[in-house]
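These notes are about the structure you will find just below.
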Amino acid sequence: MLLDSTSQQPSRLGGFGPFGEHSVNASWIAVQELEKLGLGDDVDLHVCEIPVEYQAVERLIPALWKKHSPQLVVHVGLSGMATTVTLEKCGHNIGYRGLDNCRFCPGSQCCIEGGPECIDSVIDMDAVCKRVSTLGLDVAVTISKDAGR
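76 is the number of the first residue of the sequence shown in this note's numbering; add one for each residue after it.
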């Protein structure tokens, strides 16, 4: 999700496309619902369905950054193992062994060849987690440093 409430630069919200036996990815449904609700007049929100394909992501994400110059991008994913809303503190580039929708997996087990081993969020996820907890919502929020694993 690309979010910007001050400068009219766009914000991007990305949900993932179908994967494996799932003909619809619930993360994409959630993103579409948020788009319908909107985030206020001050936020220029763009949404995009991201294919679950290593090579498509490698092409698509940089192109979207170049096109929209967002202040914030949020990728919304879903895990059948999750029991809470999980905020990811970082994303890893190595250790991927699973096949994507094209039945492809990089031989290097890296998402981006030559990319950094880890990308840390500039957002203080611990503070976000604490803030959500103090709002009295019936939503459990946790932090992870192990995105995609």
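Note that CB positions come from ideal geometry on N, CA and C, so glycine has one too.
Give the C-beta separation of Lys220 and Cys165 to the nearest angstrom, bearing in mind that I take them to be a contact with Cβ-Cβ under 8 angstroms. Within the sequence shown, the letter at position 145 stands for residue 220. Within the sequence shown, the letter at position 90 stands for residue 165. Indeed, because the Cβ distance is near 6 angstroms, the residues count as touching under 8 angstroms.
Pull up the CB-CB distance for Val106 and Val160, whole angstroms please, since I reckon it's below 8 angstroms. For the purposes of this step, residue 106 is identified with residue 31 of the sequence shown, where counting begins at 1. For the purposes of this step, residue 160 is identified with residue 85 of the sequence shown, where counting begins at 1. Separation of the CB atoms of Val106 and Val160 is rounded to 14 angstroms, and the pair is thereby denied contact status at 8 angstroms.
Pairwise C-alpha distance: Glu192 and Ser170: Locating residue 170 in the sequence shown gives position 95, counting from the first residue. Locating residue 192 in the sequence shown gives position 117, counting from the first residue. With the sequence shown as reference, residue 170 is identified as Gly, and Ser is not the correct amino acid for it. Taking the Cα positions, Gly170 is about 10 angstroms away from Glu192.
Beta strand (DSSP E) segment containing His195, residue limits: If you number the sequence shown from 1, residue 195 lands on position 120. Residue identity differs from the one stated: residue 195 is Asp in this sequence, not His. Taken as a continuous stretch (DSSP letters only), the beta strand (DSSP E) holding Asp195 covers Cys193 to Asp195.
Which same chain residues, not among the five before or five after Glu133, have their C-beta less than 8 angstroms away from its C-beta? As a first step, residue 133 must be located in the sequence shown, where it is residue number 58. Within the same chain, and ignoring the five residues on either side of Glu133 in sequence, the residues whose Cβ sits closer than 8 angstroms to its Cβ are Cys186 and Ile187.
Look up Asp201 in the DSSP assignment and say whether it is helix, strand or coil. As a working note, residue 201 is residue 126 in the sequence shown. Looking at Asp201 - three-state DSSP - the assignment turns out to be helix.
Met200 versus Ala222: straight-line alpha-carbon distance, rounded: Residue mapping note: residue 200 aligns to position 125 of the sequence shown, counting from 1. Residue mapping note: residue 222 aligns to position 147 of the sequence shown, counting from 1. C-alpha separation (whole angstroms): 13 angstroms.
What would DSSP say about Val118, mapped onto helix, strand or coil? Translated into positions along the sequence shown, residue 118 becomes position 43. Of the three classes helix, strand and coil, the one that applies to Val118 here is coil, per DSSP.
What would DSSP say about Leu162, mapped onto helix, strand or coil? Translated into positions along the sequence shown, residue 162 becomes position 87. Strand at Leu162.
State the DSSP-derived secondary structure class of Val127, mapped to helix, strand or coil. As a first step, residue 127 is located in the sequence shown; it is residue number 52 there, counting from the start. Val127 sits in coil when the DSSP states are folded into three classes, being neither helix nor strand.
Nearest-angstrom Cα separation, counted from Thr217 out to Arg206: The sequence position of residue 206 within the sequence shown is 131, counting from 1. The sequence position of residue 217 within the sequence shown is 142, counting from 1. Computed Cα separation, rounded: 12 angstroms.
Excluding sequence positions up to five away, which residues of its chain have a Cβ less than 6 angstroms from the Cβ of Thr81? The residue labelled residue 81 in the question sits at position 6 within the sequence shown. In this predicted model, Thr81 has a pLDDT of only 41, less than 50, meaning its place in the structure is not dependable; the value taken from the coordinates is given anyway. Excluding residues within five positions, none has a Cβ falling inside 6 angstroms.
Please identify the residue among Leu174, Cys204, Glu163 and Val127 whose C-alpha is closest to the C-alpha of Asp195. Counting from one through the sequence shown, the residue named residue 195 turns up at place 120. Checked all of Leu174, Cys204, Glu163 and Val127; the closest Cα to Asp195 is Glu163.
In the DSSP assignment, find the unbroken beta strand (DSSP E) run with Val305 in it and report its ends. Because the chain in this structure spans residues 76 to 224, residue 305 falls outside the shown range and cannot be described.
Quick one: residues in its chain with C-beta nearer than 8 angstroms to the C-beta of Val203, no 5 flanking neighbours on either side, listed in chain order? To locate residue 203, count along the sequence shown from 1; it is residue 128. The beta carbon of Val203 lies closer than 8 angstroms to those of Leu162 and Val216 in the same chain, with the five residues before and after it left out.
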